[in-house]
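This note's numbering numbers the first residue of the sequence shown as 5 and each following residue consecutively.
All C-beta atoms, glycine included, are put in the ideal place defined by N, C-alpha and C.
Just so we're clear, the structure is a prediction, and the values are computed from it rather than from any experiment.
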Amino acid sequence: MRLCIIGAGYVGLVSGTCFADMGNSVICCDIDNDKIRKLNSGIIPIYEPGLEEMVKRNVKQFRLRFSNNISESIRKSDVIFICVGTPTNKKTNDANLKYVFQVANKIKMNLNKYKIIVTKSTVPVTTGDKIEKILNKNKFKTKFDVVSNPEFLREGEAIRDFVVPDRVVVGGKSKKAIKIMKSLYLPIVKKSSRFFSTTRRGAELVKYASNAFLASKISFINEIFFITNYRTSNIN
Ligand SMILES: NC(=O)c1ccc[n+]([C@@H]2O[C@H](COP(=O)([O-])OP(=O)(O)OC[C@H]3O[C@@H](n4cnc5c(N)ncnc54)[C@H](O)[C@@H]3O)[C@@H](O)[C@H]2O)c1
Numbered sequence: 005m006r007l008c009i010i011g012a013g014y015v016g017l018v019s020g021t022c023f024a025d026m027g028n029s030v031i032c033c034d035i036d037n038d039k040i041r042k043l044n045s046g047i048i049p050i051y052e053p054g055l056e057e058m059v060k061r062n063v064k065q066f067r068l069r070f071s072n073n074i075s076e077s078i079r080k081s082d083v084i085f086i087c088v089g090t091p092t093n094k095k096t097n098d099a100n101l102k103y104v105f106q107v108a109n110k111i112k113m114n115l116n117k118y119k120i121i122v123t124k125s126t127v128p129v130t131t132g133d134k135i136e137k138i139l140n141k142n143k144f145k146t147k148f149d150v151v152s153n154p155e156f157l158r159e160g161e162a163i164r165d166f167v168v169p170d171r172v173v174v175g176g177k178s179k180k181a182i183k184i185m186k187s188l189y190l191p192i193v194k195k196s197s198r199f200f201s202t203t204r205r206g207a208e209l210v211k212y213a214s215n216a217f218l219a220s221k222i223s224f225i226n227e228i229f230f231i232t233n234y235r236t237s238n239i240n
């Protein structure tokens, strides 16, 4: 499959490289020219065990490329992954979706044939609806599907988490898009993980619920540690 990954950061670079390693033709693109220049010179901007070797192997076998020409990369691809950052707004505490919508507008301008647009960035529920609304205004009246495919990888374990995931979640209403996404993930869901298809809003919620559950577990165990340590030090 021909894939375009927009945002060659942590999630984009790891996902793009792993998809290339599974046999797909992948273009990772970014607005950061320096990052693309470094990647094209074999310099990996993040440290992630095993990533450098995997990038080099796939570049050598012409399955992975890096580009700052985002428009051309979109036009040449069948599936477009949005992997840009969604930083928290300091004042309002909500996610800043500026980069996601910038990318949606870029895709709108380059929708030359049917494509699946996949949101991998962590976004609030209903963001997929807003992306769809933007794309509906494409001048070619091209058909497309927007699906949500949240990412659960952990930094430091990113390749392992991608290749051997607990679960792969894809949300969307188009049977065609879900079928294509399932076939894309087939090499890894065959191993041990489970492929869950749900609604687009459901998939967006799964990621937030998963993050909130993880934060609750950490807070809980920190509380237990504090209580037990406090009691023990008071007894002694
Ligand atoms: N880092 C993680 O462990 C992790 C795990 C799961 C989910 N996520 C989510 O994935 C998303 C990406 O996170 P990340 O850590 O990879 O971010 P990152 O900051 O490492 O990478 C984002 C990249 O997007 C690029 N970018 C920004 N605007 C762009 C545009 N208009 N066009 C092209 N490229 C653009 C930036 O230059 C940057 O290289 C976030 O929503 C994050 O919450 C991150």
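Neighbour-count burial assignment, residue i, 16 or more Cβ in a 10 Å radius
| i | result |
| --- | --- |
| A219 | exposed |
| D34 | buried |
| D149 | buried |
| T126 | buried |
| I86 | buried |
| E161 | exposed |
| V168 | exposed |
| A135 | Note on residue identity: the sequence assigns Ile, not Ala, to residue 135. Per the 10 Å Cβ criterion, buried. |
| A216 | exposed |
| I231 | exposed |
| G54 | exposed |
Closer than 7 Å: residue i CB and nearest ligand 2 heavy atom
| i | result |
| --- | --- |
| L157 | Questions concerning ligand 2 fall outside what the structure shown contains, since the ligands it does hold are ligand 1. |
Chain-order list of residues whose beta-carbon lies under 8 Å from that of residue i (same chain, five-residue window excluded)
| i | result |
| --- | --- |
| V151 | I120, I121, V122, T123, G132, V174, G175, G176, S178, A181, I182, M185, R204, A207 |
| V172 | N153, Y189, I192, V193, S197, R198, F199, F200 |
Neighbour flag for residue i against chain C, beta carbons, 8 Å
| i | result |
| --- | --- |
| E76 | Although the question refers to chain C, the structure presented lacks it and comprises just one protein chain. |
Sheet register partners of residue i (DSSP bridge)
| i | result |
| --- | --- |
| S152 | T123, G175 |
| I31 | C8, R69 |
| T202 | G175 |
| T96 | According to DSSP, which records beta bridges pairwise, T96 is partnered with nothing at all. |
| I86 | I10, T123 |
6 Å Cβ shell around residue i - same chain, five flanking residues per side excluded
| i | result |
| --- | --- |
| D165 | L157, R158 |
| F66 | none |
| N72 | N37, I40 |
| F70 | C32, I40, L43, N44 |
| M26 | P191 |
Supposed close pair residue i, residue j - CB separation, criterion 8 Å
| i | j | result |
| --- | --- | --- |
| R79 | N116 | 5 Å |
| K145 | K112 | Contact doesn't hold; Cβ gap of about 12 Å is too wide. |
| K110 | S75 | 7 Å |
| Y118 | K143 | About 15 Å; that fails the 8 Å criterion. |
| P128 | A99 | 6 Å |
Close-in-space but distant-in-sequence residues of the same chain around residue i (CB under 7 Å, 5 per side omitted)
| i | result |
| --- | --- |
| V30 | L7, I9, G20, F23, A24, R67, L68 |
| S214 | F156 |
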